[in-house]
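Student: The structure's right below; bear with me while I get my questions together.
Number of protein chains: 2
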Amino acid sequence: MIKNMTEDQITLYIIKALKENKHKEFTTILEELQPYDIAQIYNDLPEKHKARFLLYINIDLLVDLIQELDQPEQLDVLNKLGLEKSNKVLDLMDNDDLASLLDELSPEKIKALLAGMKKEESKIVQNMMNYPPETAGRIMTNRFVWIRHNYTVREAVDKLKTFAEFASSLNYLYVIDENRKLVGVVSYRDLLLAEPNDVIRNIMYERVISVSVTTDQEEVARTTEKYDFLAIPVVNEDHVLMGIVTVDDIIDVVIKEANEDIEKLSASGKSIDFDTKSFVAAARRLPWLILLLFIGLISGSIISRYEATLEKVVALAFFMPMIAGMTGNTGTQSLAVIVRGLVSNDINKKVISRVIVRELGVGVMIGAICGTLISMIAYIWQGNLVLGLVVGSSLLLTLIIGTLAGTIIPLILYRFNIDPAVASGPLITTLNDIFSLITYFGIATMFLNYLI
Amino acid sequence: MIKNMTEDQITLYIIKALKENKHKEFTTILEELQPYDIAQIYNDLPEKHKARFLLYINIDLLVDLIQELDQPEQLDVLNKLGLEKSNKVLDLMDNDDLASLLDELSPEKIKALLAGMKKEESKIVQNMMNYPPETAGRIMTNRFVWIRHNYTVREAVDKLKTFAEFASSLNYLYVIDENRKLVGVVSYRDLLLAEPNDVIRNIMYERVISVSVTTDQEEVARTTEKYDFLAIPVVNEDHVLMGIVTVDDIIDVVIKEANEDIEKLSASGKSIDFDTKSFVAAARRLPWLILLLFIGLISGSIISRYEATLEKVVALAFFMPMIAGMTGNTGTQSLAVIVRGLVSNDINKKVISRVIVRELGVGVMIGAICGTLISMIAYIWQGNLVLGLVVGSSLLLTLIIGTLAGTIIPLILYRFNIDPAVASGPLITTLNDIFSLITYFGIATMFLNYLI
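Respectively, the protein sequence lines represent chains E and D. According to full-length UniProt numbering, the first sequence is numbered sequentially starting from 1. According to full-length UniProt numbering, the second sequence is numbered sequentially starting from 1.
Here it is in structure tokens:
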């Protein structure tokens, strides 16, 4: 019925059903909707209708709904539901979604939320919360079907059917031995093509790709993406199967990590989106800006050391922004290449030294071309050949230095296990300001007698 | 056997098998490996062993292998295989992989490659190549199982079993009517839980989320991610089902689009990775740098217009890099927030005006704080209260201007359907250099009599 309606029309229709107490119509509409759509509609609903919405919606859809919301709305819904119903919802939630709901809450709040849950469910989540943030252990789910290696194909298919509703993914079955260790994987296709009496051990694929509970989520995403998997099994240090990470969570990780790289490269501060308040956004950005302000003052003090030079040849100031800017730009370019390259490459000494040599080559080439160009421009503009040569040779040198700084600084940070993206664009730019001013005024002072 | 071996050990083992003509051992090892691993090993193989590797590997694994390689290696393999075998491989390849192999090749080369293929296979790919690049039509596959709405559940399951090997994804079956229009979707779970004689029409889910063949791939990725789908159906303008896009391709799109944003934000040039040659990387980066060099010269000419001011108060030069740098930094921060926000938000006038007001607020707040700070520092350092006030009020103004420039410029570009990320960080930085110098020297000149 609602097949061809827009989201706004559906929302109005639902409000009407709520107002007129048409419980059955409400349920009929909701069952035609995706969880994401239900969440959108719930968010758009006027506050006064939300309570009845939550009263009318059945428990399964309620779980779907809450899993689609952001943390503040999740807590608000749980609050609205009251203790008994919210405990039921928490019991039914996927444990990875529950873990991310609890993420960043205070220990007291977590305890309060878990208190009313079933013991076995709350224990699983508490165990997950013990893994470091952003690891496989925090984003895995236990909603998957495992089978024993001594099952027959028939037994495996029966188990699969029994748990069809429960399992997140039906494309693979993970095989464990008597100690719950992961020993193989069977695709659904393998099961279809095998004989009912074949033993799983004999048809399973043994070289299972898995990740550890403590593997960084970025690494988990990279592995899943490389192999085009729909899910990847997660094991503990004894190779016991603990859970699986599904591809929808992998996509979220990929998006989140890319956003983090961009945030850091632009020093734009942690998680600022369109809905962040001015005050919060300003507070998140200020620390970087104040640090960069002080670094910028270092540039100033360098210039002040060359005050005498500058007083004699004020024209030197004309080229300052260009030289500093160009050095900053080339550094940012190198930085971006390195930061993204570190994500998608296997890193070893050979790769590192090759990329440094490559960037050195780039620096020399662009330095030579831009340096020559600016020499001519400066000579024509100011009618001073020496000035042209000073500006040009400075630019050559600073572009090489800038390129290397943008390459080597993130690599050093990476070497010391610091996220190279913290060497944000603005930081590299500001550092390169300093390098370029020292070079420029150094060369200018050397040739001062010829400049005047 | 090779379960616990490292990739290097496996490679050595394979080389040994190739050298000693052990065809059977070679096959045994390969069947234990994932396509990605086979491709890695093939890439690592010394050139002299590659021909025999391609001779020994069976056609199905060969197809898997070639789908994992990058385009230059794919063409190299096809070349090595000879005409007959390479036609077989092309026939068996997933059509989305084949389309991306053909991407950016010359029309003659494409014609030559398709010439030996089966008519029906080559026609599908040629049709795909007619869709604009980066749309759903270019990344969809036709390897999926569809069913008619008048099938019974039993018929659907039978068809599913028949095509199990062929289908990319087994989690959903897409339902079409007599005109091949997409009318519903049935999950595998629905099939398991329904009675064998139920008619699909009665158990299917009708509000199918689909995308059009011409939908931008970024939009396809966003929809799939929102709904946590493993695949999304693609329809033409008559709502006829044309193919599906699977989640592994969605992940590739997400990664590619994030990398593109970062490339553009840092003006680092199109697709430079660790393997790009110096010469190529320099050529790709130079256009931006030369443009920025000329824009940088505009800054210079602005300073030259204020030469008289600068000659009288050389200390003004000390604060130039700090003011220009800070303005550039705040602009980059805003830019990054906007570029990523445009990806993940539904954009309308309300959202736009709210985010502009928000950024204005941010600019005022950080301007007031940083301006006050620098006023005091400048006063203490140079012992000149007026200088302190000039520098501070300039910074206040330029930070507001810089923040707004970083916000409004990408929004204007977006309005005119230009990718806002082309307003790269360096471009915003360089423009903000100009704004900040005009403001700074303008204010300084106004108060020149008090400054000296």
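Ideal Cβ positions, reconstructed from N, Cα and C, are used throughout, including at glycine.
Whose Cβ in chain B lies nearer than 9 angstroms to the Cβ of E:Asn-58?
Tutor: Absent here is chain B; the protein component of the structure consists of chains E and D.
Student: Who are the near neighbours of E:Leu-114 in its chain, counting only those whose CB is closer than 6 angstroms to its CB and skipping five residues on each side?
Tutor: Cβ within range, chain order: Ser-122.
Student: For D:Asp-419, which residues in chain E fall below 9 angstroms Cβ to Cβ?
Tutor: By Cβ distance, chain E contributes nothing, its closest Cβ being about 15 angstroms from D:Asp-419, past 9 angstroms.
Student: Starting from the C-beta of E:Glu-134, find all residues in its chain whose C-beta is less than 7 angstroms away, skip the five residues before and the five after it, and write them out in chain order.
Tutor: Result list for E:Glu-134: Asp-216, Gln-217, in chain order.
Student: Just list the alpha helix (DSSP H) runs in the region 275–334 of chain D, keeping only unbroken ones of 4 residues or longer that don't cross its boundaries, in chain order.
Tutor: DSSP runs (the alpha helix (DSSP H)) wholly in the region 275–334 of chain D: 278–305, 307–312.
Student: In whole angstroms, what is the alpha-carbon distance linking E:Ile-232 and D:Asp-248?
Tutor: Going by the C-alpha atoms only, they are around 13 angstroms apart.
Student: Under 8 angstroms, with one C-beta from each stretch per pair, do the region 234–246 of chain D and the region 169–181 of chain D reach the 3-pair mark?
Tutor: Yes, since at least three Cβ pairs between the region 234–246 of chain D and the region 169–181 of chain D fall closer than 8 angstroms, the two stretches touch.
Student: Give, in chain order, every unbroken run of the beta strand (DSSP E) that is at least 3 residues long and sits entirely within the region 137–184 of chain E.
Tutor: DSSP runs (the beta strand (DSSP E)) wholly in the region 137–184 of chain E: 146–148, 172–176.
Student: Thinking C-alpha only, which one of D:Ala-283, D:Cys-370, D:Val-339, D:Val-234 is nearest E:Leu-291?
Tutor: It is D:Cys-370 whose Cα lies nearest to the Cα of E:Leu-291.
Student: My guess is that E:Ile-428 and E:Gly-442 are in contact by the Cβ rule of under 8 angstroms, so how many angstroms apart are they, rounded?
Tutor: Between E:Gly-442 and E:Ile-428 the Cβ distance is about 21 angstroms, and since that is not below 8 angstroms, they are no contact.
Student: Let me know the secondary structure DSSP gives E:Gly-243 once reduced to three states.
Tutor: Strand at E:Gly-243.
Student: Quick one: what does DSSP say E:Thr-27 is sitting in, helix, strand or coil?
Tutor: It is helical.
Student: With DSSP as the reference, please indicate the residues paired to E:Thr-135 in a beta bridge.
Tutor: Partner(s): E:Asp-216.
Student: Grab me the residues of D:Val-157's own chain with a C-beta within less than 7 angstroms of its C-beta, minus the 5 sequence neighbours each way, in chain order.
Tutor: Around D:Val-157: Leu-191.
Student: From what residue to what residue does the beta strand (DSSP E) around D:Val-235 run?
Tutor: Start and end: 231–235.
Student: Applying the criterion that 16 or more other CB atoms from any shown protein chain within 10 Å of the CB defines a buried residue, is E:Asp-8 buried or exposed?
Tutor: Counting Cβ neighbours within 10 Å, E:Asp-8 comes out exposed, since fewer than 16 surround it.
Student: The alpha helix (DSSP H) spanning E:Ser-86 covers which residue range?
Tutor: E:Ser-86 -> alpha helix (DSSP H) spans 83–92.
Student: Does the CB of E:Ile-250 have a neighbour CB from chain D at under 8 angstroms?
Tutor: Yes - at least one Cβ of chain D is within 8 angstroms of the one on E:Ile-250.
Student: Measuring only the C-alpha atoms, how far is E:Lys-50 from E:Phe-274?
Tutor: Approximately 24 angstroms between the Cα atoms of the pair.
Student: Should E:Glu-263 be flagged as near chain D, meaning a C-beta pair shorter than 8 angstroms?
Tutor: So, interface residue.
Student: Return helix, strand or coil for E:Val-364, following the three-state DSSP convention.
Tutor: Helix, per DSSP.
Student: Would DSSP call D:Ser-187 helix, strand or coil?
Tutor: In the structure shown, D:Ser-187 sits in a strand (DSSP, three-state: E or B).
Student: Measure the C-alpha to C-alpha separation of D:Arg-284 and E:Pro-107 and round it to an integer number of angstroms.
Tutor: Those two C-alpha atoms are separated by around 52 angstroms.
Student: Which residue wins for smallest C-alpha separation from E:Glu-263, given the options D:Ile-409, D:Gln-333, D:Ile-298, D:Leu-230?
Tutor: When only C-alpha atoms are compared, the closest one is D:Gln-333.
Student: With H, G and I counted as helix, E and B as strand and the rest as coil, what does DSSP make of E:Val-337?
Tutor: In the structure shown, E:Val-337 sits in a helix (DSSP, three-state: H, G or I).
Student: D:Ala-39 and D:Leu-69 - do their beta-carbons sit closer together than 8 angstroms?
Tutor: In this structure, D:Ala-39 lies closer than 8 angstroms to D:Leu-69 by Cβ.
Student: Going by Cα to Cα distance, which pick from E:Lys-159, E:Thr-430, E:Asn-171, E:Asp-91 is closest to E:Ile-298?
Tutor: Closest option to E:Ile-298, Cα to Cα, is E:Thr-430.
Student: Compare the beta carbon distance of D:Leu-65 and D:Pro-35 with 8 angstroms and say whether it is the shorter of the two.
Tutor: Going by C-beta atoms, D:Leu-65 is nearer than 8 angstroms to D:Pro-35.
Student: Which of the three DSSP states is assigned to E:Val-357 in this structure?
Tutor: If DSSP states are grouped into helix, strand and coil, E:Val-357 belongs with the helices.
Student: Which two residues bound the contiguous alpha helix (DSSP H) that contains E:Lys-109?
Tutor: Start and end: 107–115.
Student: Determine the DSSP secondary structure at residue 464 of chain D, reduced to helix, strand or coil.
Tutor: Because chain D in this structure spans residues 1 to 452, residue 464 of chain D falls outside the shown range and cannot be described.
Student: I'd like the span of the alpha helix (DSSP H) that includes D:Phe-53, first residue to last.
Tutor: Counting along the chain, the alpha helix (DSSP H) containing D:Phe-53 begins and ends at 47–56.
Student: Taking a contact to mean a Cβ-Cβ separation below 8 angstroms, would you say D:Lys-161 touches D:Ile-147 in this structure?
Tutor: No, these two residues do not count as a Cβ contact at 8 angstroms.
Student: Beta carbon of E:Met-128, beta carbon of E:Arg-143: below 8 angstroms?
Tutor: Not in contact: E:Met-128 and E:Arg-143 (Cβ atoms no closer than 8 angstroms).
Student: Could you pull out every residue in the same chain whose Cβ sits closer than 7 angstroms to the Cβ of E:Glu-359, ignoring the five residues on either side in sequence?
Tutor: So the list reads Ser-334, Thr-403, Leu-404, Thr-407, once near-sequence residues are dropped.
Student: Considering only their Cβ atoms, is the gap separating D:Val-254 from D:Gly-243 smaller than 8 angstroms?
Tutor: Cβ atoms of D:Gly-243 and D:Val-254: not closer than 8 angstroms.
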